[in-house]
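*Asks:* Position one of the sequence shown corresponds to residue 1 (full-length UniProt numbering), numbered consecutively onward. Think of the CB as a built atom: it goes at the ideal place given N, C-alpha and C, for glycine as much as any other residue. Please read all numbers here as calculations on a predicted model, not as lab measurements. Below: one structure in structure tokens.
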Amino acid sequence: MAIQDTGDTYVRGYSAGAQRRWLERELKAARADRGIDWIVVFMHHPMISSSRSGSGSDLGIRQAWGPLFDSYGVDLVLSGHEHYYERSLPVRGTLPNEARTPVPVSTSTDVADTAKGTVHMIIGNGGNFATTQDDLFEEPKGRVVVDLGKETEGCYRKAVFVTEDAPWRAVQDRTHTHGFAAFDVDPGDTRTGRTRMRVTYYTFDGPYGDLTPVDTFTLERPRGDVRH
1 MAIQDTGDTY VRGYSAGAQR RWLERELKAA RADRGIDWIV VFMHHPMISS
51 SRSGSGSDLG IRQAWGPLFD SYGVDLVLSG HEHYYERSLP VRGTLPNEAR
101 TPVPVSTSTD VADTAKGTVH MIIGNGGNFA TTQDDLFEEP KGRVVVDLGK
151 ETEGCYRKAV FVTEDAPWRA VQDRTHTHGF AAFDVDPGDT RTGRTRMRVT
201 YYTFDGPYGD LTPVDTFTLE RPRGDVRH
């Protein structure tokens, strides 16, 4: 598991590329290790988002880290920042447009082969009161920060956004204010040569409400000890 500071790309370049170089070394070593099956990255800002008027996705992350996720077969990316739940189809590569829109490798929302593409999840509604599940595009679209303008808003420069079509979108929760995800890993065996991760997103009403499963899906990939 790698935990990343997305400020390095969101506020461009303050580590002078040190974090990216570190991440590439770690991902390369992890994927070469036959005892490691799953690679999961945590980061604050998302690479995918259907937010209509929030911060949305970030082009800097797509440019700096997206190619590393692809090259070293990252299975799952978990992020927050936006205060709702959403997940992508498995994606690999980008379209040659201004937003560098991630390209889905499958349209199945039940099972994702993460050896072929990375699944991204936003789980930003765990405990924050400022939830944004009612501020999402209904159609498959997203909002992407692509630059900073010259105008300022308070002590910040205003972000420049573009709206993209979002072929990567799989599931979003437009109804519930709070939730969390549980991850159950089945290591599999050398006979089948596959390992699986079952993911369930739960919601609840109030501090003592019953848990309700809203989204369930499975990630799968070859075990590291049977890779060729």
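(1) Are the CB atoms of Ser106 and Pro96 within a distance shorter than 7 angstroms?
(2) Counting C-beta neighbours from all protein chains within 10 Å, is the total for Gln63 16 or more, i.e. buried, or is it exposed?
(3) Is it buried or exposed, Pro187, if we count other Cβ atoms within 10 angstroms and call 16 or more buried?
(4) How should Phe69 be labelled, buried or exposed, when 16 other C-beta atoms within 10 angstroms of its C-beta is the threshold for buried?
(5) Starting from the Cα of Val74, find the closest Cα among Arg157, Glu138, Thr114 and Val160 and give me that residue.
(6) For Asp225, which of helix, strand or coil comes out of DSSP?
(7) I'd like the ranges of any beta strand (DSSP E) spanning at least 3 consecutive residues and lying wholly in the segment 11–85.
(8) Indicate whether Arg198 and Asp184 have their beta-carbon atoms separated by less than 7 angstroms.
(9) State yes or no: is the C-beta of Pro104 within less than 7 angstroms of the C-beta of Pro167?
(10) Start and end of the beta strand (DSSP E) containing Met197?
(11) With a cut-off of 8 angstroms on the beta carbons, I'd call Arg100 and Leu59 a contact; round off their distance for me.
(12) Contact between the segment 32–41 and the segment 216–227: three or more CB pairs below 8 angstroms?
(13) If I measure Cβ to Cβ from Thr190 and keep anything under 8 angstroms in the same chain, skipping five residues before and after, which residues do I get?
*Replies:* Let's see:
(1) Walking along the sequence shown from the start, residue 96 turns up at place 96. Walking along the sequence shown from the start, residue 106 turns up at place 106. It is not a contact, given that the beta carbons lie outside the stated cut-off.
(2) Counting from 1 along the sequence shown, the entry for residue 63 is found at position 63. Exposed: under 16 other Cβ atoms inside 10 Å.
(3) As a first step, residue 187 must be located in the sequence shown, where it is residue number 187. Exposed.
(4) Locating residue 69 in the sequence shown gives position 69, counting from the first residue. Buried, because 16 or more other Cβ atoms sit within 10 Å of the Cβ of Phe69.
(5) Indexing the sequence shown from 1 puts residue 74 at position 74. Of the candidates Arg157, Glu138, Thr114 and Val160, the one whose C-alpha sits nearest the C-alpha of Val74 is Thr114.
(6) If you number the sequence shown from 1, residue 225 lands on position 225. Three-state DSSP puts Asp225 in a helix.
(7) 40–43 and 76–79
(8) Within the sequence shown, residue 198 is the residue found at index 198, counting from 1. Within the sequence shown, residue 184 is the residue found at index 184, counting from 1. Result yes, Cβ atoms of Arg198 and Asp184 sit closer than 7 angstroms.
(9) Here residue 104 corresponds to residue number 104 of the sequence shown, with the count starting at 1. Here residue 167 corresponds to residue number 167 of the sequence shown, with the count starting at 1. Cβ atoms of Pro104 and Pro167: closer than 7 angstroms.
(10) By one-based count along the sequence shown, residue 197 stands at place 197. It spans Arg194 to Thr203 - the beta strand (DSSP E) in which Met197 sits, taken as one unbroken run.
(11) Looking up residue 100 in the sequence shown gives position 100. Looking up residue 59 in the sequence shown gives position 59. Indeed, because the Cβ distance is near 6 angstroms, the residues count as touching under 8 angstroms.
(12) yes
(13) Counting from 1 along the sequence shown, the entry for residue 190 is found at position 190. For Thr190, where only same-chain residues beyond five positions count, the Cβ hits under 8 angstroms are Arg223, Asp225 and Val226.
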